[in-house]
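To start, the structure under review is shown below, and the notes come after it.
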Amino acid sequence: MIQSIIHFIFKLGLDLASSGVITFLVAQHMYFLPSYAFIAQELTTPASLYTHHQYVVGVIMTRDFSHGAIFFIRGYNPKKNNVLARILYHKEAIISHLSWASFFLGFHTLRLYIYNDVMLAFVTPKK
Numbered sequence: 132m133i134q135s136i137i138h139f140i141f142k143l144g145l146d147l148a149s150s151g152v153i154t155f156l157v158a159q160h161m162y163f164l165p166s167y168a169f170i171a172q173e174l175t176t177p178a179s180l181y182t183h184h185q186y187v188v189g190v191i192m193t194r195d196f197s198h199g200a201i202f203f204i205r206g207y208n209p210k211k212n213n214v215l216a217r218i219l220y221h222k223e224a225i226i227s228h229l230s231w232a233s234f235f236l237g238f239h240t241l242r243l244y245i246y247n248d249v250m251l252a253f254v255t256p257k258k
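Those letters in the sequence shown? Residues 132 to 258, by the numbering used here.
Printed below as a string of structure tokens:
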């Protein structure tokens with residue numbers, strides 16, 4: 132009985148985290164890509180929709196973190212599933228991969244900035 136409750140709490144935490152991420156993406160897309168023509172006419176409407184969805188994300192993620200903490204307090208057994216020890220055992224490989232990923236993203240961002248500057252510099256004047 133206790134194991135099923137702990138499994139339910141962990142599953143609820145994961146579901147809340149995924150719905151929080153989805154709500155965050157909805158907020159971003161509603162702000163930057165308005166689906167209705169009249170939403171984009173004034174800044175007040177998309178800004179208020181974005182703020183509303185960010186508040187909803189804050190509430191959902193607070194619930195997610197509390198359910199995750201309940202799982203780690205009541206149901207986590209370090210002898211059976213010690214995730215922290217596995218992460219610390221592989222920390223060199225993790226840091227190496229993260230450094231390569233940040234180099235990759237940094238160089239592609241720099242390439243995008245250079246491309247935009249070149250396109251702006253070589254644009255033909257309007258006639």
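Glycine residues also receive a C-beta, built at the ideal position from the N, C-alpha and C atoms.
For Leu164, the secondary structure class from DSSP, reduced to helix, strand or coil, is coil.
About 10 Å separates the Cβ atoms of Phe202 and Ile136, ruling out a contact at the 8 Å cut-off. Contact check for Ala158 against His184 passes: the beta carbons are separated by less than 8 Å. When His221, Tyr186, Phe139 are compared, the shortest CA-CA separation from Gly151 is found for Tyr186.
The C-beta distance from Ile191 to Leu147 rounds to 6 Å, short enough to fall under 8 Å. Residue state for Pro177 is assigned as helix, using DSSP reduced to three classes.
Per DSSP, the unbroken alpha helix (DSSP H) holding Ile225 starts and ends at 222-252.
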